[in-house]
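Here's the structure we're looking at; comments come further down.
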Amino acid sequence: MDTQYRLLITLQTIDQRIFKLREQQRQAPERMTAIEAPVLKARKQLQAAQETGQALAKQKRSSEQELGSQEEHIRKLRGRMSELKTNKEYQAHLFEIDLAKKKKDELEEAVLMVMENVERNEQVIKQYESALQEAERVCEQEKARLALQTATAEQELAALEKEREEITRQLDPELLARYDKIKTMRKGVAVTPVRDGACTGCRIQLPPQLVAEVKRGDALLSCSYCHRILYWEGVSEDAQNTVAVAPGSDVLSDAGST
Ligand SMILES: [Zn+2]
21 MDTQYRLLIT
31 LQTIDQRIFK
41 LREQQRQAPE
51 RMTAIEAPVL
61 KARKQLQAAQ
71 ETGQALAKQK
81 RSSEQELGSQ
91 EEHIRKLRGR
101 MSELKTNKEY
111 QAHLFEIDLA
121 KKKKDELEEA
131 VLMVMENVER
141 NEQVIKQYES
151 ALQEAERVCE
161 QEKARLALQT
171 ATAEQELAAL
181 EKEREEITRQ
191 LDPELLARYD
201 KIKTMRKGVA
211 VTPVRDGACT
221 GCRIQLPPQL
231 VAEVKRGDAL
241 LSCSYCHRIL
251 YWEGVSEDAQ
261 NTVAVAPGSD
271 VLSDAGST
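Residue numbers (my numbering): 21 to 278.
Okay, structure coming up:
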């Protein structure tokens, strides 16, 4: 009976690990999306700044054109000075030139402002470019890590499936069927220890008679409430020891500590 218990507990440990690994594999596409998200964001930011740059360049060209035609306008006004006859005409013309100059000053101001904006935006573009580079670098790293993790998990899964097969071959088929049924019903935990007189699966207090029977380990008994297969905790420790500690290592560690 002890062997069957141990096999069951080991089977459950394997199944839980398989479940965890499959869950991890299932989430891989989601993780990939999360890994790529910063790159997409950085690319969008850069694209927006580049579009702003194009708009600013267009704005700069048109302000410069406007300034150019205003300068041309002033030149023409000045050229007409000699054609003027009366003082009144002359004064009016000077006034017109003055207005045109003021307009030209404003246009110059506008050109300067656009140029400043262009420069500032170029800085922003540079920042976004390096942010994108960094995001791409991190993304590649994370992708490689995810790929490695996926490959490792696949290997581990294959090994676990094989181990599972070996264990199920040694298990009593009826017991295995019982285990599988409870596992499906109880979210992966079908075998659970008794602790302080209670089932650790559902925490219900068990009748002392049942606890005593579980401790004796004559039969594979179930919790009357959640139907999980119960075992005495000592069994699990033995099982763990058999797995984790190689024969003779106790002696070695004892010798080392003295
Ligand atoms: Zn229970």
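Virtual Cβ for every residue (Gly too), placed ideally from N, Cα, C.
This structure is a prediction, so every number in the text was calculated from the model and none was measured.
Requested in this report: In the DSSP assignment, find the beta strand (DSSP E) that holds R215 and state where it starts and stops.
Outcome: V211 to R215
Query raised in the report: Leaving out the 5 sequence neighbours to the left and right, which residues in its chain are closer than 7 Å to Q36 when beta-carbon positions are compared?
Result: G208
Query - Simplified DSSP state of C246, which is helix, strand or coil - result: coil
Requested in this report: Check whether the Cβ of Y199 lies closer than 7 Å to any heavy atom of ligand 1, and answer yes or no.
Outcome: no
Requested in this report: Check the C-beta distance from V131 over to S83 and give it rounded, since I have them as a contact under 8 Å.
Outcome: 5 Å
Query raised in the report: Helix, strand or coil for C159 per DSSP?
Result: helix
Query raised in the report: So, using beta-carbon positions, are C219 and R198 closer together than 8 Å?
Result: no
Requested in this report: May I ask you to list the residues that DSSP assigns as paired with A218?
Outcome: R215 and Q225
Requested in this report: Would you mind sorting L28 into buried or exposed? The rule is 16 or more other CB atoms within 10 Å of its CB.
Outcome: buried
Requested in this report: Tell me, please, whether the stretch 138-157 touches the stretch 63-72 by the rule of three or more beta-carbon pairs shorter than 8 Å.
Outcome: yes
Query raised in the report: Would you say the beta carbon of I224 comes nearer than 7 Å to a heavy atom of ligand 1?
Result: yes
Query raised in the report: With a CB to CB cut of under 8 Å and the five nearest residues on each side skipped, what residues in its chain are close to A77?
Result: V138
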